[in-house]
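Quick note, the sequences are listed as chains V and D, same order.
Residues -19 to 295 (the working numbering) are what the first sequence spells out, left to right.
Residues -7 to 261 (the working numbering) are what the second sequence spells out, left to right.
Cβ atoms here follow ideal geometry from the backbone N, Cα and C, with glycine treated the same way.
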Amino acid sequence: MLPAPMAAAEPTPVVPVIHTQGLTKHYGSVRALEDLTLDVQQGEVFGFLGPNGAGKTTAIRTLLGYLHPTRGTGRVLGLDITSESVEIRRRIGYLPGGIALYDSLTGARVLDLLADLQGSAPVRRDELSERLEMSPKVLRRRVRDYSRGMRQKIGVIQALQCDPELAILDEPTEGLDPLMQQAFYAILEVLKAAKRTVFMSSHILNEVERVCDRVAIIRGGHLMALQTIDDLLARRKRQVQLRWRGAAPDLTGIPGLADVKISGDRLTATLSGEVASFVRAVASPSLEDLIIEPARLEDAFLEYYATEDENGQPA
Amino acid sequence: MNLRLLRQTLSARRSTLLIVVLSAVGWGALVPVFYTSFSELMADLIAAGMPPIIENLMNFGSGSFFTLPGALTIGLQHPMAIALIAVFATGAGATVIAGQRERGTLEVLLARPLSRHSLYLSMAGALLLATAAVLAALLVGQLIGSTLLDIVDEIDGALMPLVWLNGLLLWATFLSFALAMSVSFDRAGPAIGLSLAFLIVNYFLEILGSLWTDVEWTQEYSLFHHFQPSEILTGKADLTDLLILGVAALVPAVYAWIVFPRRDLAAPA
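If you want it as structure tokens, here you go:
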């Protein structure tokens, strides 16, 4: 008798760490979040961008079960955000924006209490404290004596001390000085190397550009873009400035060049698309200077916010 | 219920609890002193023809200064005792969730694997323990005072636990109401205001009816009317009072149990 043919091994489906489908939150007539659909994969550092009031915090609070979605669904670590919220919070670390702590406790007591309530050992606390320069002596002081930056550091430590599978960080570098911001970015690198997932909201675009793999841009509660940083930068327009010996030539017709302004020997314009073909097109012995501004997330971000109606909604 | 959170809730209030418990013992011990000092004097004055209003004033609430059980009842219904117990049952009860919500610490707690039911039970448990301790301190103080004045024989000490239970059920009702307000508001102010109003209205109805016989019926509408230490200490306890207070404590608790998990907790302003 012949053995039964073996079934072809099917690849294990990759479950996104965060998955939302049409997630919507209204407060009465206020549409704080509208139809948010996104996936965040394991090991990603995911940036969630938008100005104040765009719906970032609403989205985060809905994922954590603080808010009940008006419609739509969401899963975090494969668990439903409405019915399995407690189990989700067992496996994540959360830094709320503008974190408030128990002022009468010492920093160490706050961290002990929160680790205790988390039910996990604070395996990363020492490393995080060292990186963020929170010495044992500082941790023995009461929170009420801490500066805003020190409170924020305690906030970062409490969110990450139990080595969560997913860290949800709302404006994590707010209040940190530039040195500590660098220390925080180094922590993100460590987490990334350990295949931990980080979902962070921010409106500091340099930071997102530097540390995130992908970004979602949200505006008026709507998702405007969901791309890798590289893709986002590639599609944005660069500013170019050229100077010739003698009068500037007519460059109309060069692909991707727009908003051309000529003033004597100088030309300024915006360039979209490939840089190499543009450089080839303008190369000539009379070209004296060529400046192509680097693509910045800030400009790409501003493009999404350039057109707003009078209510701040997407036009 | 989360025992760590319960301990933390109590620990955060340990200094207040210590001060209130010591004050309660002191106040409790003073009540028998008032009884021995003034009851005979007032009885003589009334017998000599003092206006009946004086006698009414001596029958404050459901107590009376003419017997030790009655005097102990007055001690437990006096504004001083009310203020001491209300520190936890009303003040802390109203702010324990709404206050944390206002300050923003609630969201740090809720970032842990705690259900809102567990959070509610832990905080309610901690404050019920604190309330029970203050009430016990009042009774212990009364027993100490009565013993020192050698009048403890006038009451049956074995019935004191039942007085404590009766008082605990009364204050559990106010605590339960305060917690219901605490889960309903994002700010401590309205929660405290409504909880205090509930306490004061109940107290007013009881005291008004006891001092003014024409409106004695108002006492029927007061929860304080179901707190009857003098009846318990004279062997006339009515278990219906305990039942009514138990139900009254349960209603706001059920409300909070249903409402709290359903509330949206938007970011603190």
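When Cβ pairs closer than 8 Å are counted between the two stretches, the region 233 to 244 of chain D is seen to touch the region 155 to 173 of chain D, the count reaching three or more. Within the region 133 to 197 of chain D, the runs of alpha helix (DSSP H) that reach at least 4 residues and sit entirely inside it are, in chain order, 152 to 176. Within chain V, the residues Leu93 have their CB atoms less than 7 Å from the CB of glutamine 0 of chain D, given in chain order.
Taking CB atoms only, arginine 93 of chain D has no neighbour in chain V less than 7 Å away.
Each residue's CA atom was taken as its position, placing valine 207 of chain D and proline 221 of chain D some 22 Å apart. Going by DSSP, tyrosine 7 of chain V is part of no alpha helix (DSSP H) but of the beta strand (DSSP E) stretching over -2 to 7. If the five residues before and after alanine 238 of chain V are omitted, its C-beta is found closer than 6 Å to the C-beta atoms of Thr250, all from its own chain and listed in chain order. The straight-line gap separating the alpha-carbon atoms of serine 109 of chain V and leucine 156 of chain V is approximately 14 Å. Interface residue (Cβ-Cβ distance to chain D less than 7 Å): leucine 29 of chain V is not classified as such. As for any alpha helix (DSSP H) of minimum length 4 sitting wholly inside the region 208 to 244 of chain V, the runs are 209 to 214, ordered along the chain.
Asparagine -6 of chain D reaches chain V at Leu97, counting residues in chain order whose Cβ is nearer than 8 Å. Note that the C-beta distance between alanine 180 of chain D and glutamate 99 of chain D is not below 7 Å. Secondary structure of arginine 122 of chain V (DSSP, three-state): strand. Nearest to arginine 199 of chain V by alpha-carbon distance, out of V:Glu189, V:Asp15, V:Asp60, is V:Asp15. Secondary structure at arginine 71 of chain V: helix, using DSSP grouped into helix, strand and coil. The Cβ neighbour count for asparagine 186 of chain V, taken over all protein chains shown within 10 Å, is under 16; the residue is labelled exposed. Judged by their CB atoms, leucine 149 of chain V and methionine 180 of chain V are nearer to each other than the 7 Å cut-off. Residues of chain D with a Cβ closer than 7 Å to the Cβ of histidine 183 of chain V do not exist; the shortest Cβ-Cβ separation is about 15 Å. Among the residues of chain D, those whose CB is under 8 Å from the CB of proline 76 of chain V are Gly96, Glu99, Val100, Ala103, Ala259, following chain order.
Here threonine 62 of chain V really is in contact with proline 49 of chain V; their C-beta atoms are around 7 Å apart, less than 8 Å. Following the DSSP letters along the chain, one finds arginine 131 of chain V inside the alpha helix (DSSP H) bounded by residues 128 to 140. In this structure arginine 69 of chain V touches leucine 44 of chain V by the C-beta definition: roughly 7 Å separates them, less than 8 Å. Against chain V, the beta carbon of serine 107 of chain D has neighbours under 7 Å at Val66, listed in chain order. For aspartate 145 of chain D, the closest Cβ of chain V is not nearer than 7 Å.
Within chain V, the residues whose beta carbon sits less than 9 Å from that of alanine 4 of chain D are Tyr82, Ser84, Leu85, listed in sequence order. Under the three-state reduction of DSSP, glutamate 99 of chain D is assigned to helix. Identification of chain V residues near leucine 60 of chain D by a Cβ-Cβ cut-off of 8 Å yields none; the smallest Cβ-Cβ distance measures about 42 Å. Within chain D, the C-beta atoms nearer than 9 Å to that of leucine 44 of chain V come from Glu99, Leu102, Ala103, in chain order.
Beta-bridge analysis with DSSP links leucine 203 of chain V to V:Ile198.
The beta-carbon of threonine 53 of chain V is placed no less than 7 Å from the nearest beta-carbon of chain D. With the criterion set as a beta carbon lying under 7 Å from some beta carbon of chain V, the region 231 to 244 of chain D has no members that meet it. Scanning the region 207 to 252 of chain D from its first residue to its last, no whole beta strand (DSSP E) run of 3-plus residues comes out. Contact between leucine 203 of chain V and threonine 17 of chain V holds: CB atoms are separated by about 7 Å, below the 8 Å threshold. Neighbours of leucine -3 of chain D in chain V, taken as residues at a C-beta separation under 7 Å, are given in chain order as Leu97.
Its Cα nearest to that of leucine 146 of chain V, the residue V:Leu59 stands out among V:Arg190, V:Leu159, V:Leu59. Ranked by how close their Cα comes to the Cα of serine 15 of chain D, the residues D:Ala75, D:Ser56, D:Pro24 have D:Ala75 in first place.
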